[in-house]
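Line order of the protein sequences matches chains E and Z. Numbering that gives the first Met the number 0 puts the first residue of the first sequence at 0, with every later residue one more than the last. Numbering that gives the first Met the number 0 puts the first residue of the second sequence at 0, with every later residue one more than the last. Idealized CB from N, CA, C, for every residue including glycine.
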Amino acid sequence: MLIEIGRASLNIAFVMAIYVAIASVIGVVRKDLRFVTSARRGIYAIFFLATTSTGVLLNAFLTNDFSIKYVASYSEKALGLHYKIAALWGGNDGSLLFWIFGLASFAALMAFQNRKDRSHAFIPYTYTVIMVILIFFLILTCFLTNPFDTFPPSMVPADGRGLNPMLQTPGMIFHPPALLWGYVGFTIPFAFAVAALLTRELDSVWIIKTRKWTLFSWTLLSIGNIMGAEWAYDELGWGGFWAWDPVENASFIPWLTATAYLHSVMIQERRNMLKVWNMFLIVITFALTIFGTFLVRSGVLQSVHDFGVSEMGPYFIVFMALTSAIAFGLIIYRYDDLKSDNNQLESFLSREATFLLNNVILLALAFATLWGTVFPLISELATGNKITVGPPFFAQVNTPLFLILLIITGICPLIGWRKASPENLRRNFVVPTVLLILTAVLLFVFKMRHVYAILCFSFSTFVLHTIFMEYYRGVKARKKLKGEGTLKALVNLLWKKKRRYGGYLIHAGIVMVFIGATGSSVFVTEKAKNLHIGETMEIGDYKLKYEAIRSREKPNYEAVVAFLSVYKNGEKIEVITPEKRFYNKFQGEPTSEVAIRRTLKEDLFVILAAFEKDRTITIKAIINPLINWMWIGACLAIFGGFYVLLPDGRKKVKA
Amino acid sequence: MKKRFLIIAFIAVATLTASYPVSLLAGDTQSEIEETLICLCGCGQTIKNCPHQNCGFAIPAKAKIKEYLSEGKTKDEIIDIFVSQNGEEVLAAPKKEGFNLLGYIMPFLALFAAVGVIVLIIRGWTKTGIEDEEKTLPMAKDDFGSDIDKQIEKELEEMD
Chain E
0 MLIEIGRASL NIAFVMAIYV AIASVIGVVR KDLRFVTSAR RGIYAIFFLA
50 TTSTGVLLNA FLTNDFSIKY VASYSEKALG LHYKIAALWG GNDGSLLFWI
100 FGLASFAALM AFQNRKDRSH AFIPYTYTVI MVILIFFLIL TCFLTNPFDT
150 FPPSMVPADG RGLNPMLQTP GMIFHPPALL WGYVGFTIPF AFAVAALLTR
200 ELDSVWIIKT RKWTLFSWTL LSIGNIMGAE WAYDELGWGG FWAWDPVENA
250 SFIPWLTATA YLHSVMIQER RNMLKVWNMF LIVITFALTI FGTFLVRSGV
300 LQSVHDFGVS EMGPYFIVFM ALTSAIAFGL IIYRYDDLKS DNNQLESFLS
350 REATFLLNNV ILLALAFATL WGTVFPLISE LATGNKITVG PPFFAQVNTP
400 LFLILLIITG ICPLIGWRKA SPENLRRNFV VPTVLLILTA VLLFVFKMRH
450 VYAILCFSFS TFVLHTIFME YYRGVKARKK LKGEGTLKAL VNLLWKKKRR
500 YGGYLIHAGI VMVFIGATGS SVFVTEKAKN LHIGETMEIG DYKLKYEAIR
550 SREKPNYEAV VAFLSVYKNG EKIEVITPEK RFYNKFQGEP TSEVAIRRTL
600 KEDLFVILAA FEKDRTITIK AIINPLINWM WIGACLAIFG GFYVLLPDGR
650 KKVKA
Chain Z
0 MKKRFLIIAF IAVATLTASY PVSLLAGDTQ SEIEETLICL CGCGQTIKNC
50 PHQNCGFAIP AKAKIKEYLS EGKTKDEIID IFVSQNGEEV LAAPKKEGFN
100 LLGYIMPFLA LFAAVGVIVL IIRGWTKTGI EDEEKTLPMA KDDFGSDIDK
150 QIEKELEEMD
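So this is what it looks like as structure tokens:
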């Protein structure tokens, strides 16, 4: 019965979405608010139906209803409760349902936010655009990969096949939803953009209405990306956090274009410029989110993350091509309206110009990553030879671009809007440049010879100094103007200018990510050794002593655990326990549960690579310098993102 | 003139940095070779980083690399053996030759083209032309000011 409710909810949602799409247009064309109101209520109904459908599937996981093929494929009786929840989006069918749930939720929230807006004709069109996108996903779910498909009663298995062991990690509870909903979130600004193009309401209203949606989606995508990196670091057991895997790239590319949009949109708000460019960026960001969703399901590129080959690839390609063609076609059609009368820059030496350069670098990075991701296909088409484009390619091509981006992050705030004089530039650049050079010289004196690392650390000093000075000057100005103490001035500064100073928090976080990524990539130390009980191995300042090996049983796996004492400067500081797990349903795929001793200076990363019957073990130990700065920086950037999302602290002035 | 010099300098620096060989490795030759070769088990990772504990490709490949190194073979010789046995697909990044060279060059060509377009656009948008850039307009003094503190104070007043 419940299964029928879940299936029927999806089918009704499909019909309802068609109704909302049509009713919204009729409402605008006939100027009849009743249709628009009805469409809005229809969106609420779709949210209810999608929630019901998702709830039914979740309930099936929690109650071990293996009559549903999807549940039987991704769960088992012995699976922990939290992983049963995570299994909901662990496969293709469920993740598409989760997408629908996300889009229906966002659509309902958007409709609720704009329920009283009767002055902008683009709002009903926004409903239509969102519904068209929802209809596409509902077609896939209702007719191609229905998560409620069931076995005939005689073939219902007694237990499920279980969740892939690599997905049985706490990160999987948050990483896919954040990523998926980050993708979904960009549908809202895309819909507003297309609706604004359709209705010719091309002023900055749609930008302002979608500002928080864009930032919210960007923040979710940031969480998704960083949690993916953390998952790779903790779970894949190779000591790295990013392998430039096609699916990783697919979520990183829209993050880059969205970052470019978040910056360039400020110029439109402030100077009423770059309207065409901003339209282009939001359309391309949306198209890339669909591309990412396609890539994980198409099977065209090999990835540790994908759902395997499915028949959905062509549908996604056609949908992506159609939506992009329509959106770009509209941009071209409305080009004359979008062309700003105010496209005037006083100088190359202006913040506007540096923002444009920042956009170019971000797009170059997006292009380079996309290019590297699809180049194996292009090369095979052109030459007939299969090739691979892996980490060395991306390190070669993307690293210089990242460094340019980093230094621009520091240069932007030093250059004022409109035009900066050479005198201003000298005044603002002297100290950070001296610090930059000083850092580089010091690193060289202390025997650092890796050029990119020296550049990264010295550029980081430059950027962090400019951020610090922004806060310092702001606090100083408040103290002088308002007579506030330092702490109060800082709090008020942050509260009343969230966008500006929250933005600097994000920048500071990103700089820390650069520092952590560079330290752990360039200066990593690795050692492997076979150990008998009582033997030791040394790596860096650490000595590891193999004390014991034991096995332990859990409901759905058995683990072999090695106990190693960690000594530093002759003193025992910790006992760590790397383990190898053998999941009952995945006997051929043992997984490594690494042991990590984390400090701000470095991680000691220990993997139980192998063990023998005579209790000999093979230990692989890695020292990853500075890596925790990456996680701290990412948390700061994400905090900054949410902070900027908080309601404006400024008092509203009555007109 | 000064701007053109800056643009040329930017392109030169970017080109030089692009050609700088990046090694993400600090390990020994075994580790370097493992990072150079991709695992063909389907994981899409390098041999070194293949997450599959009983991988049918990465584990024998690691043993082979160790064996070849003990026989005194160089890194290039070992890589050539793997390429001859598995095709170019086994390389973690394509060789910089023939059509594949395009893979490395294209992003930078796109970047330079984009920078060129942006420079042209900005030139078109600058009312007073490049020659006047270094003169400070009165508006600029008001906006950015000789003293950044004044600007912040102005913004803070607006804000409150």
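Query: Unbroken beta strand (DSSP E) run spanning E:Tyr500, endpoints; Result: E:Tyr500 -> no beta strand (DSSP E), and no H or E assigned at all.
Query: CA-to-CA distance, E:Ile538 to E:Ser457, given in whole angstroms; Result: 28 Å
Query: Where E:Ile414 falls: helix, strand or coil (DSSP); Result: coil
Query: Cut-off 6 Å between Cβ atoms - residues of its own chain near Z:Leu23, not counting five sequence neighbours on either side; Result: Confidence at Z:Leu23 is low in this model, with a pLDDT of 39, below 50, so the placement of that residue is unreliable and no value is reported for it.
Query: Backbone secondary structure at E:Met311 - three-state DSSP; Result: coil
Query: Where Z:Tyr103 meets chain E, residues with beta-carbon distance less than 9 Å; Result: Phe392, Gln395 and Val396
Query: Pair within 8 Å by beta-carbon distance, E:Arg296 and E:Leu201; Result: no
Query: Cα-Cα separation between Z:Ile46 and Z:Gln29, rounded to whole angstroms; Result: 11 Å
Query: Within 8 Å of chain E by C-beta, residues of the stretch 88-102 of chain Z in sequence order; Result: Glu88, Val89, Leu90, Ala91, Ala92, Pro93, Gly97, Phe98, Asn99 and Gly102
Query: Alpha helix (DSSP H) segment containing E:Thr353, residue limits; Result: Arg350 to Thr382
Query: Beta-ladder partner(s) of E:Met536, from DSSP; Result: E:Leu543
Query: Residue(s) in a DSSP beta bridge with E:Thr524; Result: E:Ile622
Query: Chain Z contact for E:Phe661 (CB, 8 Å cutoff); Result: Residue 661 of chain E lies beyond the stretch modelled for chain E, which goes from 0 to 654, so this question has no answer here.
Query: Distance between E:Pro253 and Z:Leu108 (C-alpha atoms, nearest Å); Result: 21 Å
Query: Those runs of the alpha helix (DSSP H) which lie wholly inside the stretch 202-249 of chain E and span at least 4 residues; Result: 204-234
Query: Under 8 Å by beta carbon: chain Z residues contacting E:Lys385; Result: Gly86, Glu87 and Glu88
Query: Cβ pair count under 8 Å reaching 3, the stretch 81-97 of chain E against the stretch 55-62 of chain E; Result: yes
Query: contact_flag[the stretch 420-432 of chain E, the stretch 473-489 of chain E] where n(CB pairs < 8 Å) is 3 or more; Result: no
Query: From E:Gly502, E:Ile266 and E:Glu310, residue whose alpha carbon lies closest to that of E:Leu214; Result: E:Gly502
Query: Any C-beta of chain E under 8 Å from that of Z:Ile37; Result: yes
Query: Any chain Z beta carbon closer than 8 Å to E:Trp237; Result: yes
Query: Sub-8 Å separation of E:Phe604 and E:Ile595 beta-carbons; Result: yes
Query: As assigned by DSSP and simplified to three states, the class of E:Phe327; Result: helix
Query: Buried versus exposed call for E:Thr127 [16 or more other C-beta atoms within 10 Å across all chains shown]; Result: buried
Query: Start and end residues, alpha helix (DSSP H) containing E:Arg477; Result: Val450 to Lys481
Query: E:Ser378 versus Z:Ala60, Z:Ile120, Z:Ile104 and Z:Phe98, residue with shortest Cα-Cα distance; Result: Z:Phe98
Query: Residues of the stretch 113-126 of chain Z with Cβ closer than 9 Å to any Cβ of chain E, in chain order; Result: Ala113, Val114, Val116, Ile117, Val118, Ile120, Ile121, Arg122, Gly123, Trp124, Thr125 and Lys126
Query: Spatial neighbours of E:Val396 in its chain, beta-carbon cut-off 7 Å, leaving aside the 5 residues before and after; Result: Ala367 and Gly371
Query: Cβ neighbours of E:Phe374 in the same chain (closer than 6 Å, five flanking residues each side left out); Result: Val388
Query: Residues bridged to E:Lys553 [DSSP beta-bridge criterion]; Result: E:Tyr556
Query: Residues near E:Ile505 by beta carbon distance below 7 Å, same chain, minus five either side; Result: Ala636, Gly639 and Gly640
Query: Close-in-space but distant-in-sequence residues of the same chain around E:Lys208 (CB under 7 Å, 5 per side omitted); Result: Phe191
Query: Contact under 8 Å by Cβ, E:Ala608 with E:Thr598; Result: no
Query: Pick from Z:Val118, Z:Glu33 and Z:Gly43 that is closest to E:Trp241, judged by C-alpha positions; Result: Z:Gly43
Query: Cβ contact (3+ pairs, closer than 8 Å) linking the stretch 106-115 of chain E and the stretch 165-172 of chain E; Result: no
Query: Start-end ranges of the alpha helix (DSSP H) lying completely within the stretch 118-148 of chain E, minimum 4 residues; Result: 121-138
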